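Visitor: Attaching a single structure in structure tokens format; questions to follow.
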Amino acid sequence: MARTRKGKKPKPPPLSRSEMMARIKGKDTVPELLVRRAAWAAGLRYRLHDRRLPGRPDLVFPGRRVAVFVHGCFWHCHEGCNRFRIPKTRTDWWTAKLGRNKARDDEVRGAIEASGWDVVVIWECEAERPERLAELVKGLKAMPPR
Numbered sequence: 007m008a009r010t011r012k013g014k015k016p017k018p019p020p021l022s023r024s025e026m027m028a029r030i031k032g033k034d035t036v037p038e039l040l041v042r043r044a045a046w047a048a049g050l051r052y053r054l055h056d057r058r059l060p061g062r063p064d065l066v067f068p069g070r071r072v073a074v075f076v077h078g079c080f081w082h083c084h085e086g087c088n089r090f091r092i093p094k095t096r097t098d099w100w101t102a103k104l105g106r107n108k109a110r111d112d113e114v115r116g117a118i119e120a121s122g123w124d125v126v127v128i129w130e131c132e133a134e135r136p137e138r139l140a141e142l143v144k145g146l147k148a149m150p151p152r
């Protein structure tokens with residue numbers, strides 16, 4: 007059996023890490039599917055990844071002019087969340103990379119809002135909480151069609 011580092015799993019070899027990173031999905035993630043399922047169950051109909059809007063939001067409610075982004079806590083720097091922390095290796099690179107992600111998120115949000123749409127961001131950790139999903143659905147249903 008492989009030795010562990012203070013009770014942790016052994017580090018994967020570089021090739022396996024590369025393969026793991028390649029498997030990270032950009033759409034149809036578990037948190038996104040949870041949000042979609044909750045919206046659909048509540049009778050809300052939406053479009054997926056609408057290319058007409060900047061950043062291709064995860065869900066788009068055209069009648070209400072609402073764009074929903076389901077952000078991963080790590081990739082989009084969810085401050086205060088235990089799923090977000092800068093990796094201990096290559097910290098300079100990760101800090102710059104995640105900073106660019108955050109700047110792009112702000113830019114996309116501003117562009118969508120400037121075109122008269124509302125933007126809702128739900129975090130990965132929130133999508134797993136049924137009460138937070140119920141809150142989101144209630145808020146979306148309360149928004150009048152425009």
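In my numbering, the protein residues as written are 7 to 152.
Beta carbons: idealized from backbone N, C-alpha and C, even for Gly.
Keep in mind it's a predicted model, so treat the numbers as computed, not measured.
1. How about the segment 108-128 and the segment 49-66: do they share at least three Cβ pairs that are nearer than 8 Å?
2. Output the boundary residues of the beta strand (DSSP E) element that contains residue 65.
3. Is the segment 129-147 in contact with the segment 75-85, if contact means three or more CB pairs nearer than 8 Å?
4. If you follow the beta strand (DSSP E) that residue 111 is in, where does it begin and where does it stop?
5. So, at 6 Å on beta carbons, what are the nonlocal neighbours of residue 69 in its own chain, with the 5 sequence-adjacent residues on each side left out?
6. By alpha-carbon positions, which one of 38, 95, 119 and 106 ends up nearest to residue 20?
7. Does DSSP put residue 138 in a helix, a strand or coil?
8. Give me, in chain order, the residues of the same chain whose beta-carbon lies closer than 7 Å to that of residue 53; leave out the 5 immediate sequence neighbours on both sides.
9. Does DSSP put residue 129 in a helix, a strand or coil?
10. Does residue 73 pass the burial test, meaning 16 or more other C-beta atoms within 10 Å, or should it be called exposed?
Guide: Put simply:
1. When C-beta atoms of the segment 108-128 are compared with those of the segment 49-66, three or more pairs fall below 8 Å, so the two segments count as touching.
2. Taken as a continuous stretch (DSSP letters only), the beta strand (DSSP E) holding residue 65 covers 65-67.
3. Counting C-beta pairs with one atom in each stretch, the segment 129-147 and the segment 75-85 have three or more that are closer than 8 Å, which means they touch.
4. No beta strand (DSSP E) holds residue 111; the alpha helix (DSSP H) holding it covers 97-120.
5. Hits under 6 Å: 151.
6. Scanning 38, 95, 119 and 106 for the CA closest to the CA of residue 20 turns up 95.
7. Of the three classes helix, strand and coil, the one that applies to residue 138 here is helix, per DSSP.
8. Excluding sequence neighbours, residue 53 sits near 66 and 68.
9. Strand at residue 129.
10. Burial is judged here by how many other beta carbons sit within 10 angstroms of a residue's own beta carbon; residue 73 has at least 16 and is buried.
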